[in-house]
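Only one structure is covered here, and it is reproduced in the block below.
Number of protein chains: 2
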Amino acid sequence: MEARRDVFQAIADPTRREILTLLRRRAQNLNSIAEQFDISRQAVSLHIKILSECDLIDLRKEGRERYCHLKAEKLAEVAGWLEPFSRLWEDRFDQLDSLWKEWRFQNPDQAGGKD
Amino acid sequence: MEARRDVFQAIADPTRREILTLLRRRAQNLNSIAEQFDISRQAVSLHIKILSECDLIDLRKEGRERYCHLKAEKLAEVAGWLEPFSRLWEDRFDQLDSLWKEWRFQNPDQAGGKD
DNA sequence: CCATTAGGCAAGCATTTGCTTGCAAATATA
DNA sequence: TATATTTGCAAGCAAATGCTTGCCTAATGG
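Chains as they are written, first to last, in the working numbering: chain A, 550 to 664; chain B, 550 to 664.
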């Protein structure tokens, strides 16, 4: 145990991604999160623990409940890694876009009014 | 095997992220990629296979070599999932930014020329 | 044609993951 | 105080992951 524990690993699991999406709306305690999944409370609890260890959520104790607050900023790490790649696919998109516009310019008869 | 095979899973592994980064520069064949890692060729080969199954790279056979071409567009899936979250952390960033500017406006003596 | 080079396939193995069930601790409520 | 609710802890387990080594196939070049 005590294995790799980073944001990429954290969002690799679909259940954990769902939990993060849920928390985008509002903070929730463990049980109310667990109710929304078909797996056991303990399974959800483990996911929460992992998310917390990765600093993706903040656990705040309120009485006997523990509220999970999303820390979206942490996902900026993923966005940061993605950024140099995004330039590539956006470039390609731009190229396709130019080709498309050029084609429409050279084929005004087929281009029609819609796009 | 034959398990979950999606982009999130693919980029969860640090070696695979490195491979993708390498391929951003130029397409490379399997062996030249493998040389740049401390693990065995077969281990790298498996990573390549996974990346290919996830449509993150394109394998083109040239003679006895197999060139790996990056398909960056596929990463747009991750960017897409990230997008609604990014709005959250950017909002917070914008708020901090406004606070910062306001502070500088109200403390022109301490603000200095640098930032 | 034969040696070299690029790569695939498969068995084997230690570790991690994701899940379960059972039980204990702490807080809230009747 | 007795009981219900929220959560944590731990053992156990099947499957997935990441890696290795050994051997096989195919294309290239002398």
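Glycine included, each C-beta is placed from N, C-alpha and C at the ideal position.
Does any residue of chain B bring its CB to less than 8 Å from the CB of residue i?
i, result
"A583(A)", "no"
"I560(A)", "yes"
"A625(A)", "yes"
"R609(A)", "no"
"R554(A)", "no"
CA-CA distance, residue i and residue j?
i, j, result
"H596(B)", "A583(A)", "34 Å"
"C603(A)", "S581(B)", "34 Å"
"V556(B)", "R575(A)", "27 Å"
"L571(B)", "L571(A)", "35 Å"
"K610(B)", "Y616(B)", "6 Å"
"K598(A)", "E614(B)", "45 Å"
"L637(B)", "I606(A)", "14 Å"
"S589(B)", "G612(B)", "23 Å"
"L569(A)", "L619(A)", "7 Å"
"P633(A)", "I560(A)", "20 Å"
"S635(B)", "W630(A)", "14 Å"
"Q577(B)", "S601(A)", "38 Å"
"L624(A)", "L608(B)", "30 Å"
Give me the DSSP bridge partner(s) of residue i.
i, result
"R613(A)", "The partner list for R613(A) (beta bridge, DSSP) is empty, contrary to what the question assumes."
"V607(B)", "Note that residue 607(B) is Asp in the sequence shown, not Val. Per DSSP, H618(B)."
"Q577(B)", "C617(B)"
Who are the near neighbours of residue i in its chain, counting only those whose CB is closer than 8 Å to its CB and skipping five residues on each side?
i, result
"S594(B)", "L579 and A583"
Residues of chain B with a CB under 9 Å from the CB of residue i: which are they?
i, result
"L572(A)", "Within 9 Å Cβ-Cβ: nothing; L572(A) doesn't reach chain B, min ~10 Å."
"L637(A)", "R573, L619, A621, E622 and L624"
When you compare the CB of residue i with every CB in chain A, is at least one pair closer than 8 Å?
i, result
"L600(B)", "no"
"F634(B)", "yes"
"M550(B)", "Reliability of the predicted coordinates at M550(B) is poor, the pLDDT of 44 falling under 50, and the value obtained from them is presented with this limitation in mind. No, M550(B) does not count as interfacial toward chain A."
Check the Cβ of residue i against every Cβ in chain A and list those closer than 9 Å, keeping chain order.
i, result
"R566(B)", "F557 and W630"
Leaving aside the five residues before and after residue i along the sequence, list all residues of the same chain whose C-beta is less than 7 Å from its C-beta, in chain order.
i, result
"F586(B)", "T564 and V593"
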